[in-house]
Amino acid sequence: MPAFGGRVFTPDDDKPAASPVAVLSHRVWQTTYASDPSIVGSTFVVEGHPLTVIGVAPAGFFGETLESDPPDMWVPLQQEPMMNGEGSLLHQPISAWLRMIGRLRPGASIEGMAPRLTGLLRQWLQNDSGYPANWMADVIRILPKQVVNVVPAGAGVAVMKEEYGRSLQILLSVCGLVLLIACANVANLLLARGVARRGQTAIRLAVGATPRQIVTQALTESVLLAIGGGIVGLLVAMAAARLLLALAFHSSHFLPISVTPSLIVLAFAFGLALLTGIIFGAAPAWLATRTDGGCAARIGPRHQGSLFLRP
29 MPAFGGRVFT PDDDKPAASP VAVLSHRVWQ TTYASDPSIV GSTFVVEGHP LTVIGVAPAG
89 FFGETLESDP PDMWVPLQQE PMMNGEGSLL HQPISAWLRM IGRLRPGASI EGMAPRLTGL
149 LRQWLQNDSG YPANWMADVI RILPKQVVNV VPAGAGVAVM KEEYGRSLQI LLSVCGLVLL
209 IACANVANLL LARGVARRGQ TAIRLAVGAT PRQIVTQALT ESVLLAIGGG IVGLLVAMAA
269 ARLLLALAFH SSHFLPISVT PSLIVLAFAF GLALLTGIIF GAAPAWLATR TDGGCAARIG
329 PRHQGSLFLR P
């Protein structure tokens, strides 16, 4: 992964005797340091230790894990003891605190890697894990349950997706049902309006309007209504998404999530709105044009005659 500015870590940086260095996140470089390019090469102190900034990460990179409040900077793994002191976890074999990311060689697949890594994990747990002897009985007992899951990590491991994915899928299904109900209600209103205007349509046909003119007018009204409803719905959806994130992650300072809808979402929303407007807006008008013109004579108001008797 290339750096936005400066450089990224090299194997020489990840050595115990190497000079302490750091790579800043693109967000911190923009917000805290006002996108100052001279920050690369400068030195600042973290937890009493001087660190030299060697680069700025590219925009959109939030580390190996995609979660709320991503790191502001990264340091080489071998500098962990320097940062944490006596609480260092680097050389504690029974502490699980790292996520590993690797590259698949050409021709390899994720499905083929998972069983191989699972076998290596179980072998390591049984023979080389470094667990105390009195723990090994429990380790052997739960060994069949230890499985390595290999997932794509091109944009980081989506921890939030793992935690909230199922809930969001349920919410998406509910929103889909609400959208269908709303479209059905709009369709009913358009159909009712079309039926109510059949008399007007018959009169227009009787005085010389063509079916094409009538259908075109109804289609124009329906399309404008669909576009307006789609725009309003999109604005409401974006505001609701921001509100949902604010309520769900109220203690977070930054979320690497964008609520801006993608082109696919926009195309689906406006396509569904247009389809509803076209079908249920123009169809009643077209059906009304198939009505016999003689019906126009029966549409006008009825007058009740009066009988006058003379003596």
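Take 29 as the starting number for the sequence shown in our numbering and just add one per residue. All C-beta atoms in this analysis are idealised placements derived from N, C-alpha and C, irrespective of residue type, glycine included.
- Query: Opposite Leu52 in the DSSP bridges: which residues?
  - Reply: According to DSSP, Leu52 bridges with Val84, Met101.
- Taking the CB atoms as reference points, tell me whether Ser70 and Val56 lie closer together than 8 angstroms. If you check the CB distance, Ser70 and Val56 do not come in under 8 angstroms.
- Given 8 angstroms as the limit, is there contact between the segment 103-110 and the segment 44-56, that is, 3 or more CB pairs closer than that? Yes, the segment 103-110 touches the segment 44-56.
- Consult DSSP for Thr304 and reduce its assignment to one of helix, strand or coil. Helix.
- Query: Using the rule of at least 16 other Cβ atoms within 10 Å of the residue's Cβ for burial, across every protein chain shown, is Arg169 buried or exposed?
  - Reply: Classification of Arg169: exposed, given that the 10 Å Cβ count is below 16.
- Item | As assigned by DSSP and simplified to three states, the class of Val36 | Here Val36 sits in coil by DSSP.
- Message: Which of the three DSSP states is assigned to Pro30 in this structure?
- Response: In the displayed model, Pro30 falls within coil according to three-state DSSP, outside both helix and strand.
- If you follow the alpha helix (DSSP H) that Val167 is part of, which residue opens it and which one closes it? Val167 -> alpha helix (DSSP H) spans 164-169.
- Message: Please state the DSSP three-state secondary structure of Val287.
- Response: Collapsing the DSSP output to three states places Val287 in coil.
- Is Leu126 helix, strand or coil when you go by DSSP? In this structure, Leu126 counts as coil in the three-state DSSP scheme.
- Message: Below 7 angstroms, is the gap between the Cβ of Leu247 and the nearest heavy atom of the ligand NAP?
- Response: The model depicted lacks the ligand NAP and carries no ligand whatsoever.
- Own chain, CB closer than 7 angstroms to Gln332, minus 5 neighbours either side, in chain order: Any reading at Gln332 needs caution, since the residue's pLDDT is 47, under 50, leaving its predicted position unreliable; the model's value is listed next. So no residue of the chain qualifies.
- According to DSSP, residues forming a beta bridge with Val73: According to DSSP, which records beta bridges pairwise, Val73 is partnered with Pro78.
- Task: Specify the secondary structure class of Arg131 as computed by DSSP and reduced to three states.
- Result: Three-state DSSP puts Arg131 in coil, outside helix and strand.
- Measuring CA to CA, which of Leu208, Ala215, Arg131, Trp163 is closest to Leu253? Nearest of Leu208, Ala215, Arg131, Trp163 to Leu253, Cα basis: Ala215.
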